[in-house]
Amino acid sequence: MIQDLIQWLSSFGGWGIPAALLFSILLNILGVVPGAVVTGVFVLLWGPLAGGSLAWLGEVLGSGIAFLLLRRGYRAGTGKESPDWRWVRSLNNWPRNRQFLSVLTARLLPFVPAGAINILGALTRLRFGDYLLATALGKLPSTALEVLIAHDLIHIREKGLRLGLVLGAVILVWWIWKKRE
280 MIQDLIQWLS
290 SFGGWGIPAA
300 LLFSILLNIL
310 GVVPGAVVTG
320 VFVLLWGPLA
330 GGSLAWLGEV
340 LGSGIAFLLL
350 RRGYRAGTGK
360 ESPDWRWVRS
370 LNNWPRNRQF
380 LSVLTARLLP
390 FVPAGAINIL
400 GALTRLRFGD
410 YLLATALGKL
420 PSTALEVLIA
430 HDLIHIREKG
440 LRLGLVLGAV
450 ILVWWIWKKR
460 E
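Residue numbering for the sequence shown is 280 to 460, as defined by my numbering.
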């Protein structure tokens, strides 16, 4: 699958980056492929800075479009601004900065599915600009980590030790996280 994606994007020549961005946006709207796979392909094709930036932009734009589509679909289908669920009412009553921080925190947590954040945000009265900014900021650390891991996998002979340390740290954080639950 990865090799096919690399060949497909390479076949676009100079249009490969715009095609990759559209592909990334679409995948993030649908939520069908983990972002790390796409980030790895982009890093392989265009290097860590350009590939990572492209992956981050695709994730942010895809999440923003998903938010808008979900919100519009819910409101068109129900005729309501948001559901009358207790937790939604509670979120809607929070101050704007607390709503922003809740999305930012959710985006920073690596184990929270992006699609769930898109749905939950769309069901509230959270402002789109706040949602998009929180998503953009919250996606930076995870995308940077994906870029680092992808880069080190590509250059495993030179970067194997760092890759092992990073993966060990990620596993340790995950293990501590699970123990706290």
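Built from N, CA and C at the ideal position, the CB exists for glycine as well. Everything numeric in this text was worked out from a predicted model, so none of it was measured.
For residue i and residue j, which I take to be in contact (beta-carbon distance under 8 Å), what is that distance rounded to the nearest angstrom?
{"i": "residue 347", "j": "residue 407", "result": "7 Å"}
{"i": "residue 341", "j": "residue 296", "result": "About 16 Å; that fails the 8 Å criterion."}
{"i": "residue 463", "j": "residue 317", "result": "Within the shown structure, residues of the chain are numbered from 280 to 460, placing residue 463 beyond reach of any answer."}
{"i": "residue 288", "j": "residue 336", "result": "Between residue 336 and residue 288 the Cβ distance is about 15 Å, and since that is not below 8 Å, they are no contact."}
{"i": "residue 425", "j": "residue 314", "result": "7 Å"}
{"i": "residue 351", "j": "residue 360", "result": "With a Cβ gap of about 12 Å, residue 351 and residue 360 do not count as contacting."}
What do you reckon, are the CB atoms on residue i and residue j nearer than 8 Å?
{"i": "residue 334", "j": "residue 382", "result": "no"}
{"i": "residue 442", "j": "residue 433", "result": "no"}
{"i": "residue 411", "j": "residue 358", "result": "no"}
{"i": "residue 349", "j": "residue 396", "result": "no"}
{"i": "residue 393", "j": "residue 310", "result": "yes"}
{"i": "residue 465", "j": "residue 330", "result": "Here the chain comprises residues numbered 280 to 460, so residue 465 is not present and cannot be evaluated."}
Comparing the CB of residue i with every heavy atom of the ligand HEM, is any distance shorter than 7 Å?
{"i": "residue 381", "result": "Looking for the ligand HEM in the displayed structure turns up nothing, as the structure carries no ligands at all."}
Could you pull the start and end residues of the alpha helix (DSSP H) that residue i belongs to?
{"i": "residue 456", "result": "435 to 459"}
{"i": "residue 339", "result": "314 to 357"}
{"i": "residue 295", "result": "295 to 309"}
Give, in chain order, every unbroken run of the alpha helix (DSSP H) that is at least 4 residues long and sits entirely within the segment 370 to 412.
375 to 387, 393 to 402
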